[in-house]
Amino acid sequence: MRGDIPIGALLAAVLITVAFAPAALTVSGSADDLSSILEYSPAEQQVEPGETVTVDVEVFAGGVTHDAGVDRVNTTLVHDPDVLTITSIEPGPWLAAGGAEVSLETDIDGSSGTAQVVQTRDASAGVTGNGSLLTVTLAVAGNADPGSYTLSYDDSIVRMTSGQYQPVFPNNGTLLVSETDTTGEDNTTGRFALGIAAVVALVVGVVVLRRVRAD
Numbered sequence: 585m586r587g588d589i590p591i592g593a594l595l596a597a598v599l600i601t602v603a604f605a606p607a608a609l610t611v612s613g614s615a616d617d618l619s620s621i622l623e624y625s626p627a628e629q630q631v632e633p634g635e636t637v638t639v640d641v642e643v644f645a646g647g648v649t650h651d652a653g654v655d656r657v658n659t660t661l662v663h664d665p666d667v668l669t670i671t672s673i674e675p676g677p678w679l680a681a682g683g684a685e686v687s688l689e690t691d692i693d694g695s696s697g698t699a700q701v702v703q704t705r706d707a708s709a710g711v712t713g714n715g716s717l718l719t720v721t722l723a724v725a726g727n728a729d730p731g732s733y734t735l736s737y738d739d740s741i742v743r744m745t746s747g748q749y750q751p752v753f754p755n756n757g758t759l760l761v762s763e764t765d766t767t768g769e770d771n772t773t774g775r776f777a778l779g780i781a782a783v784v785a786l787v788v789g790v791v792v793l794r795r796v797r798a799d
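So the number in the working numbering is just where the residue sits in the sequence shown, counting from 1, plus 584.
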């Protein structure tokens, strides 16, 4: 019958499908298993007005295809400029794994409360897994109001040695500013004031008693 497919053509089609199937699977797999997470550590920290605190930016780079690890991370750290000021940013050990040289570029803008960071690994092989990407030091304003202040991110990218980029999922951090203790440690100021008041009262009592006896 004219509608029948020759067996030779059918076998050729099957062979072509089998031959190209691994390549198709590789392409689809390379797009789903790459992702990164950025998060502050500790995620939440209690601070006081006038205090200087340090937080780490931790990174987790997910599975990789064809041994292409991470060689560059760009991110913008965001905070409240009225309460917090970034005083320094240092590279963590993660991107320098294996003894690679790492370059760090920062642009800290205190007026807008942002710090742009570019960190690049100078090596042919990239990095995977998790570790400390940055160590950030912040100063809390001495007149900071008590409350919760968010540490967040903007414009973050993670580049692979293959030239591809991983999607980045950032987790914010929190600094909890407490009220200033005006009484001093262990309420020393209050006890001292009470002691002075007691001495003054005793002196006044002695003077009054002498006057009464003199009369």
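Virtual Cβ for every residue (Gly too), placed ideally from N, Cα, C.
Test: residue i CB closer than 9 Å to a CB of chain D
i    : result
T734 : Annotation note: the requested chain D is absent from the structure, which comprises a single protein chain.
Straight-line gap, residue i to residue j (C-alpha atoms, nearest Å)
i    : j    : result
S672 : A652 : 31 Å
G646 : A627 : 20 Å
A684 : V724 : 34 Å
I692 : P730 : 25 Å
R743 : N756 : 21 Å
L618 : G747 : 13 Å
S732 : A681 : 35 Å
T620 : T690 : Correcting the residue identity first, residue 620 is Ser in this sequence and not Thr. Between S620 and T690, the C-alpha separation is close to 21 Å.
S625 : P754 : 12 Å
Proximity of residue i and residue j at Cβ, strictly below 9 Å
i    : j    : result
Y749 : L622 : no
V641 : V711 : no
T734 : Q629 : no
S708 : T669 : no
G713 : F644 : yes
Backbone secondary structure at residue i - three-state DSSP
i    : result
T712 : coil
E632 : coil
G646 : coil
D729 : coil
S762 : coil
P751 : coil
L735 : strand
S746 : coil
L622 : strand
Neighbourhood of residue i by C-beta, 6 Å cutoff - its chain only, sequence neighbours within 5 removed
i    : result
T660 : T698, Q700, D738 and D739
A728 : P633, V667 and V761
G715 : W678
R705 : D655, L679, A684 and V686
T721 : T638, T671 and S672
F776 : Confidence is the limiting factor: at F776 the pLDDT is only 41, short of 50, which leaves the residue's position unreliable, though a coordinate-based value still follows. So no residue of the chain qualifies.
Same chain only: Cβ atoms within 7 Å of residue i, ignoring 5 sequence neighbours per side
i    : result
P804 : Since the first residue shown for the chain is 585 and the last is 799, residue 804 is missing from the structure and cannot be characterised.
I741 : N658, Y749 and V752
E635 : V724
V662 : G697, T698, S736, Y737 and D738
Contact set for residue i: own chain, Cβ-Cβ below 8 Å, skip 5 residues either direction
i    : result
S695 : P665
E763 : P730
Contiguous beta strand (DSSP E) assignments of at least 3 residues, all confined to the stretch 651–726: DSSP runs (the beta strand (DSSP E)) wholly in the stretch 651–726: 654–662, 668–675, 685–693, 698–706 and 713–724.
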